[in-house]
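Take the position in the sequence shown, starting the count at 1, then add 55; the result is the number in the working numbering. Cβ atoms here follow ideal geometry from the backbone N, Cα and C, with glycine treated the same way. The structure displayed is predicted, hence computed values, not measured ones. Scroll down for the structure; my scribbles are underneath it.
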Amino acid sequence: MTESSDGTDARFMARALYLARRGCCTTKPNPQVGCVLVKDGVIVGEGWHKRAGEAHAEIEALRAAGTDARGATAYVTLEPCCHYGRTAPCSDALIRAGVSRVVAAMADPNPKVAGNGLKALAAAGIETVCGMLRSEAEKLNRGFCKRMRRGRPFVFSKVAMSLDGRTAMASGESQWITSEGARRDVHRLRAAFSAILTGVGSVIADDPSLTARLGRAAGDTVQPLRVIVDSMLRTPPESRMARLPGTSLIAAASTDRQKRCRLEQAGFEVLRLPADGRGRVDLPSLLDHLATREVNDVMVEAGAVLNGALLQAGLVDELVVYMAPSLLVDEGRGAFHLPGLTNLSNRIEFTLLDARRVGADLRLCCRVDR
Numbered sequence: 056m057t058e059s060s061d062g063t064d065a066r067f068m069a070r071a072l073y074l075a076r077r078g079c080c081t082t083k084p085n086p087q088v089g090c091v092l093v094k095d096g097v098i099v100g101e102g103w104h105k106r107a108g109e110a111h112a113e114i115e116a117l118r119a120a121g122t123d124a125r126g127a128t129a130y131v132t133l134e135p136c137c138h139y140g141r142t143a144p145c146s147d148a149l150i151r152a153g154v155s156r157v158v159a160a161m162a163d164p165n166p167k168v169a170g171n172g173l174k175a176l177a178a179a180g181i182e183t184v185c186g187m188l189r190s191e192a193e194k195l196n197r198g199f200c201k202r203m204r205r206g207r208p209f210v211f212s213k214v215a216m217s218l219d220g221r222t223a224m225a226s227g228e229s230q231w232i233t234s235e236g237a238r239r240d241v242h243r244l245r246a247a248f249s250a251i252l253t254g255v256g257s258v259i260a261d262d263p264s265l266t267a268r269l270g271r272a273a274g275d276t277v278q279p280l281r282v283i284v285d286s287m288l289r290t291p292p293e294s295r296m297a298r299l300p301g302t303s304l305i306a307a308a309s310t311d312r313q314k315r316c317r318l319e320q321a322g323f324e325v326l327r328l329p330a331d332g333r334g335r336v337d338l339p340s341l342l343d344h345l346a347t348r349e350v351n352d353v354m355v356e357a358g359a360v361l362n363g364a365l366l367q368a369g370l371v372d373e374l375v376v377y378m379a380p381s382l383l384v385d386e387g388r389g390a391f392h393l394p395g396l397t398n399l400s401n402r403i404e405f406t407l408l409d410a411r412r413v414g415a416d417l418r419l420c421c422r423v424d425r
């Protein structure tokens, strides 16, 4: 298992990662994968996984290469699969095509693969390398990796606030704190996530759609699952989410069958989950359930109570804050309800990953420190 010393492998793997990102809004629940076939230093075929149930990246690249695939090196952002799912094993296709070498960015965390794809290739006499640009590949499919390894989706919380940390006026008015440029950026984020999570308070106050509205750039975007945490089934049946295409799921702890029937008749799916010690939906159980529905990642767009509860439970992986250059003063509503944090030593800390201007606002991306 050898790597090139002149940077060739890294260069072609970077191209494969670029291709993989083209599927960011369409491959759910599958991972994003790109593949480049190279022969005598020239790309002879390339492809990416476009949509779940359709051809994988390796198959697309092999089709593009034709007979030139024989003797080529395949650069793949994820270990080729070796099991039958909705498509046949990619490892078998690479063997039949006669490639001489396969470079994978990372092993597949799916237990059905987990190194066996590379073993099958090696057993057929194909040279294999694994680990080229691994960190970039892991980041690309962080939700898929977490679900496969830990049985839960990656949780990404989005907050829009003023310079003084307020997300709404005391009256609840919040549209719009941030600029149009920031709101367009949020729609691009939504399109890449498997599910959008909010609380019933936000539904009652704002009646949101929670859809990814990309205009002409929408293409074949798979709309995320919409999830409302509504412990006591207070969601108004006439809420717009009930009438939108796709699934709007209400996670509840209530046993009120009459309320449940009204919401289901309106178009919602209602899921009863265990309650925590305060009678609210048990949030870890909700994430466990979403993983069984093949939800890789969840974007949280909620108020202070749900945001705070997720943080306190240690369920948030990353946070993005859109900060507007404005003040809403003391009476405005905060971003996180975190009772019990009385000492500085109990504070929740973050690692800043990225800071940039978006429209008239500042966007901060942070990782939650464990």
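- Following the DSSP letters along the chain, one finds residue 342 inside the alpha helix (DSSP H) bounded by residues 338-347.
- With the rule of 3 Cβ pairs closer than 8 Å, the segment 113-126 counts as touching the segment 152-162.
- Shown here for residue 382: same chain residues with a beta carbon closer than 7 Å to its own, the five before and five after excluded, namely 217, 218 and 219 in chain order.
- Judged by beta-carbon spacing, residue 277 lies within the 8 Å limit of residue 83, meaning their Cβ atoms are closer than that value.
- Following the DSSP letters along the chain, one finds residue 420 inside the beta strand (DSSP E) bounded by residues 416-423.
- Taking all protein chains shown into account, residue 168 has 16 or more neighbouring C-beta atoms within 10 Å of its C-beta and is therefore buried.
- Where residue 359 is concerned, the enclosing alpha helix (DSSP H) starts and stops at 359-367.
- Leaving aside the five residues that flank residue 201 on each side, the residues in its chain whose CB is nearer than 6 Å to its CB run, in chain order, 209.
- In the structure shown, the three-state DSSP call for residue 172 is helix.
- In the three-state reduction of the DSSP assignment, residue 201 falls in the helix class, which pools H, G and I.
- For residue 314, the enclosing alpha helix (DSSP H) stretches over residues 312-321.
- Burial of residue 358 is indicated by the presence of at least 16 other C-beta atoms within 10 angstroms of its C-beta.
- At the C-beta level, residue 88 and residue 112 come within 8 Å of one another.
- Secondary structure note for residue 378: its beta strand (DSSP E) is the uninterrupted segment 373-378.
- When 127, 221 and 104 are compared, the shortest CA-CA separation from residue 384 is found for 221.
- Rounded to whole angstroms, residue 133 and residue 148 show a C-alpha spacing of 15 Å.
- Counting only unbroken stretches of 4 or more residues, the alpha helix (DSSP H) elements lying wholly within the segment 182-267 are 189-195, 197-205, 235-246 and 255-261, in sequence order.
- In this structure, the straight-line span from the alpha carbon of residue 182 to that of residue 255 is close to 54 Å.
- Residue burial is scored here from C-beta neighbours: residue 127 has at least 16 other C-beta atoms within 10 angstroms and is therefore classed as buried.
- Taking the Cα positions, residue 324 is about 7 Å away from residue 302.
- One Cα belongs to residue 290, the other to residue 361, and the distance between them is close to 15 Å.
- Collapsing the DSSP output to three states places residue 352 in a strand.
- Straight across, the Cα-Cα distance linking residue 63 with residue 92 is about 13 Å.
- Our two residues, residue 174 and residue 195, have alpha carbons roughly 24 Å apart in a direct line.
- Within the same chain, 133, 196 and 199 come within 7 Å of residue 86 by CB-CB distance, once the 5 residues on both sides are set aside.
- Going by beta carbons, residue 136 and residue 172 fall inside the 8 Å limit.
- Contact check between the segment 235-242 and the segment 403-415: three or more CB pairs, one atom from each, fall below 8 Å, which counts as touching.
- When rounded, the separation of the alpha-carbon atoms in residue 391 and residue 212 is 11 Å.
- Within the model, the alpha-carbon separation for residue 307 versus residue 69 is close to 44 Å.
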